[in-house]
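In the order they appear, the protein sequences are chains L and C. For the first sequence, the UniProt record's numbering puts the final residue at 163, and the numbers step up evenly by one. For the second sequence, the UniProt record's numbering puts the final residue at 163, and the numbers step up evenly by one. No residue lacks a Cβ here, since even glycine has one placed at the ideal position from N, Cα and C. Report on one structure; see the data block that follows.
There are 2 protein chains.
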Amino acid sequence: MTETPRNGRNAVPLDELDRRILAVLQQDNRLSFAELAERVASSAASCVRRVRRLREEGVILADIALVDPGRAGKSLTAVVNIELEAERLDLVDAFKREMRAAPEVNQCYMVTGDADFVVMVTVEDIAAFEAFTRDRLYANPNIRKFRSMIMLDRVKFEPRVAI
Amino acid sequence: MTETPRNGRNAVPLDELDRRILAVLQQDNRLSFAELAERVASSAASCVRRVRRLREEGVILADIALVDPGRAGKSLTAVVNIELEAERLDLVDAFKREMRAAPEVNQCYMVTGDADFVVMVTVEDIAAFEAFTRDRLYANPNIRKFRSMIMLDRVKFEPRVAI
DNA sequence: CGTGAAATTAGTTGACC
DNA sequence: GGTCAACTAATTTCACG
């Protein structure tokens, strides 16, 4: 019962050792394979093989440094719920492209429910956020309305998957 | 005992080279210092010194592997806007602790505006999400109401800061 | 800040149980 | 899957311009 292949569409079957490896690497990817092997109670060779496979299969998307926005001078984060003018495919695609191109936008999700899109924005201060709404939102005729929620406390930020 | 808010920390002064280094490492932290130096048009020694400093100062919070939730069998992500029963400090702190303890919760922000909290949840499927709402939300007497938005498309996920 | 060299550590590969 | 050994590459430290 340790094996639970899941059926997300492109899900890759992962065994318990894969899961332990991913759990560790999602917290620290700079460990040597020897250290990793110790933490997951396996051998370095096995970790080398598995990590390579997990990268090749796209389970591991990227290996990155996480930067503290505040320390880097971006002290304002906002969650913006956006409703488009119409649910037309061309408008939706155009909007996605704009969000992908906007450097202030860290995350953008198309969603069901009250909004069409949820966008997370990280900028220096309230003036920069005002400029963002003016240049990217008010200026955008595809947007019917949007509601901003300014972050007061980053309670949890763990861009990792519980596996 | 109330928790110390995490924002309001001081920004660290960064020069152009620091910014270029951070921009690269936020996309790939497995480069050798020689490669990094080449990309930022500097020397390996300087990169070594600066990266160590950026880590010590907390500008770089962590170095991690990014896992594709779908490939790892978690094909449902939801954004949940939550309103608490009362804006009492003890209720707020208790809620924060619960969200930090919940493995399905990747991100949790306390916000101004329509909601008190915005929570991002990643689980296997709709059944697991239903279980999450039942066990963590409906079961929670501190929550007055919540609104879920199910992710249809992860348009952009770049947990990095534009610097 | 930059170079280069030496010492140490880590990553890679292949043979083998 | 696991170990071991040998090879290559990267990191660390230091002296120096």
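Please list the partners that residue i has in chain L, where partner means a Cβ-to-Cβ separation under 7 Å.
i              : result
P69 (chain C)  : V161
N142 (chain C) : Within 7 Å Cβ-Cβ: nothing; N142 (chain C) doesn't reach chain L, min ~14 Å.
A104 (chain C) : The sequence given here has Glu at residue 104 (chain C), not Ala. Here the neighbours are A162.
As a quick exercise: from the options, pick the residue whose alpha carbon is nearest that of residue i.
i                     : options                          : result
D116 (chain C)        : C:V161, C:A44 and C:I82          : C:I82
L22 (chain C)         : C:K74, C:E130 and C:R53          : C:R53
A102 (chain L)        : L:L31, L:V12, L:V24 and L:L137   : L:L137
residue 194 (chain C) : C:M151, C:E104 and C:K156        : Summary: the structure shown does not reach residue 194 (chain C), with chain C confined to residues 1 through 163, and so no result is reported for it.
F95 (chain L)         : L:V118, L:T77, L:L76 and L:V48   : L:V118
K156 (chain L)        : C:M110, C:S148 and C:F157        : C:M110
P69 (chain C)         : C:R147, C:D153 and C:R30         : C:D153
E158 (chain L)        : L:I126, L:V24 and L:F33          : L:V24
L31 (chain L)         : L:V48, L:E16, L:L17 and L:V161   : L:V48
G73 (chain C)         : L:D15, L:E130, L:N106 and L:A139 : L:D15
T112 (chain L)        : C:E87, C:D90, C:F132 and C:T77   : C:T77
R39 (chain L)         : L:L17, L:E56 and L:R55           : L:L17
Can you list the residues of chain C that residue i reaches, using a CB-CB cut of under 7 Å?
i              : result
F157 (chain L) : Q107
T112 (chain L) : M149, I150 and L152
A115 (chain L) : M149
Quick one, are the C-beta atoms of residue i and residue j less than 9 Å apart?
i              : j              : result
E85 (chain L)  : R144 (chain L) : yes
V67 (chain L)  : I60 (chain L)  : no
R19 (chain L)  : I150 (chain L) : no
A11 (chain C)  : Q27 (chain L)  : no
T122 (chain L) : V79 (chain C)  : no
S75 (chain C)  : E124 (chain C) : yes
M120 (chain C) : N142 (chain C) : no
G58 (chain L)  : R71 (chain C)  : yes
A44 (chain C)  : A34 (chain C)  : yes
I126 (chain L) : I64 (chain C)  : no
D114 (chain C) : R147 (chain L) : yes
N29 (chain L)  : N29 (chain C)  : yes
Can you pull the chain L neighbours of residue i, defined as C-beta to C-beta under 8 Å?
i              : result
T122 (chain C) : V161 and A162
R100 (chain C) : V155 and K156
R134 (chain C) : Under the 8 Å cutoff, chain L gives no residues; its nearest Cβ is about 18 Å from R134 (chain C).
L89 (chain C)  : Per Cβ cutoff of 8 Å: no residues; L89 (chain C) is ~12 Å from chain L at best.
Could you list which residues in chain C have their beta carbon closer than 9 Å to that of residue i, in chain order?
i             : result
D25 (chain L) : It is worth fixing the name first, because residue 25 (chain L) is Leu in this sequence and not Asp. By Cβ distance, chain C contributes I64, A65 and V67.
Starting from residue i, find everything on chain L with Cβ-Cβ shorter than 9 Å and list it in chain order.
i             : result
K96 (chain C) : D153, V155 and K156
Which residues in chain C have a C-beta closer than 8 Å to the C-beta of residue i? List them in chain order.
i             : result
D28 (chain L) : A62, D63 and I64
A72 (chain L) : A11, V12, L14, L22, V59, V161 and I163
>> Quick check for students: name the residue ranges of the beta strand (DSSP E) that lie wholly in the UniProt domain "HTH asnC-type" (14-75) of chain L, counting only runs of 3 or more.
In response: 60-67
> Taking a cut of 9 Å between CB atoms, which residues from the segment 33-67 of chain C lie near chain L?
Replying inline: V51, L54, R55, E57, G58, V59, I60, L61, A62, D63, I64, A65, L66 and V67
>> Report the start-end ranges of each alpha helix (DSSP H) in the segment 69-152 of chain L that is 4 residues or longer and not cut off at the edges.
In response: 89-101 and 126-132
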